[in-house]
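Under the working numbering, read the sequence shown as residues 317 to 510, first letter to last.
Virtual Cβ for every residue (Gly too), placed ideally from N, Cα, C.
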Amino acid sequence: MASPRRPITAGRGGSRPGSLAAAACPPRRGPTSSASPAARQRIGGRTPMSRCRREPIRRRRSPRARRPRDNPRTSRPRRRPRRRAAFRSPPPCASRRAGTASPCPSRGGPAAPWGVQLAGNFSKSLALASFQRARVRYTSVIGEVRPMIVGTRLRFRGTRTFYRVRIPAESRNAADGLCQKIRGVGGACIVLRT
C-alpha cells in the first residue's frame, strides 16, 4: 500500500506555522478531507499541497517604476538605421557569357581575368603607394602599366575593405610568366584569378 504524499515544508514538521504548507493552504475544517485519521496526523491537520487550489501570484508595481522607454534619464532617442546605397553589380558582359577570355570593361580601371598581385592594404592610398614603390624597383619588368585595384571584405578580418593592387593579365600563363620575371629580379608576387 502506498503511503500518502507529504507536503513541502520549510523545515521539519509541516504543522509549524512558519512552514510553506501552512502558508500555502489554510487548514480545512470539518470532514472534507478524505484522508484517513492516521494520514491526517502525519500531515498535521493540514490539506496536502496537491489538493490546494492554486491561485496565480499577483505582482505589484511600485509607483516609482516606469517603463524603460518612458524614463527620461535612461531612454535615448532611437537612431535611424543608416541607409546604405544599394549595391548594383555591373551587368555581365556578352564576352563572359560566350566563354571568351576578353575582359569586361570596368569602372575607371583596367580589368582582366587574371592578375599578378604586388601589394595589398586596408588603406587604398597605402596599397597604391606600395605598388608605386614596387613599380620603381621593377621598372624593367613591369613598365608603365595601370594597376587593377580589387577591393574585398574578408570575413575573418572584420568589415573593413581590403584593397589588392594587381597587374592585369589576359591568361594564367601570361600572369605566371610576369610573376616569374618579378621573382627573378628579387620581388614577391602572387598570381590570382580576378
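(message) Please report the straight-line C-alpha distance between residue 452 and residue 474, rounded to a whole angstrom.
(response) One-based indexing of the sequence shown puts residue 452 at position 136. One-based indexing of the sequence shown puts residue 474 at position 158. In a straight line, the C-alpha of residue 452 is about 32 Å away from that of residue 474.
(request) Return helix, strand or coil for residue 462, following the three-state DSSP convention. (result) The residue you call residue 462 lines up with position 146 of the sequence shown. Of the three classes helix, strand and coil, the one that applies to residue 462 here is coil, per DSSP.
(message) Would residue 434 and residue 465 be called neighbours here (beta carbons separated by less than 9 Å)?
(response) Residue numbering aside, residue 434 sits at position 118 when the sequence shown is read from its first letter. Residue numbering aside, residue 465 sits at position 149 when the sequence shown is read from its first letter. Not a contact, by the Cβ cut-off of 9 Å.
(request) Could you pull the start and end residues of the alpha helix (DSSP H) that residue 500 belongs to? (result) Counted from its first residue, the sequence shown places residue 500 at position 184. 488-501 is the extent of the alpha helix (DSSP H) around residue 500.
(request) Taking the CB atoms as reference points, tell me whether residue 426 and residue 457 lie closer together than 9 Å. (result) Counting from one through the sequence shown, the residue named residue 426 turns up at place 110. Counting from one through the sequence shown, the residue named residue 457 turns up at place 141. Cβ distance not < 9 Å, so residue 426 and residue 457 don't count as in contact.
(request) Pull up the DSSP beta-bridge partners for residue 479, would you. (result) What you label residue 479 is simply residue 163 of the sequence shown in a count that begins at 1. Per DSSP, 437, 467.
(message) Judging by CA-CA distance, which residue of 432, 485, 428 is the nearest neighbour of residue 503?
(response) By one-based count along the sequence shown, residue 503 stands at place 187. When each option's Cα is compared against that of residue 503, the closest is 432.
(message) Buried or exposed, going by whether 16 or more other CB atoms sit within 10 Å of the CB of residue 501?
(response) Position 185 of the sequence shown, counting from 1, holds the residue named residue 501. So residue 501 counts as exposed.
(request) Could you tell me which residues DSSP pairs with residue 429 in its beta bridges? (result) The sequence position of residue 429 within the sequence shown is 113, counting from 1. According to DSSP, which records beta bridges pairwise, residue 429 is partnered with nothing at all.
(request) Report the three-state DSSP secondary structure of residue 294 (helix, strand or coil). (result) Because the chain here runs from 317 to 510, residue 294 falls outside it and cannot be looked at.
(request) Assign residue 494 to one of two classes, buried (16 or more other C-beta atoms within 10 Å of its C-beta) or exposed (fewer than that). (result) Here residue 494 refers to the residue found at position 178 of the sequence shown. With 16 or more other Cβ atoms within 10 Å, it is buried.
(request) Return the chain-ordered list of same chain residues with a C-beta closer than 6 Å to the C-beta of residue 446, the five sequence neighbours on each side being excluded. (result) Position 130 of the sequence shown, counted from the first residue, corresponds to residue 446. Hits under 6 Å: 435.
(request) Would you mind sorting residue 373 into buried or exposed? The rule is 16 or more other CB atoms within 10 Å of its CB. (result) Start at 1 with the first residue of the sequence shown, and residue 373 comes out as number 57. Flag for residue 373 reads exposed.
(request) Determine the burial state of residue 476: buried for a count of at least 16 other Cβ atoms within 10 Å of its Cβ, exposed for fewer. (result) Numbered from its first residue, the sequence shown carries residue 476 at position 160. So residue 476 counts as exposed.
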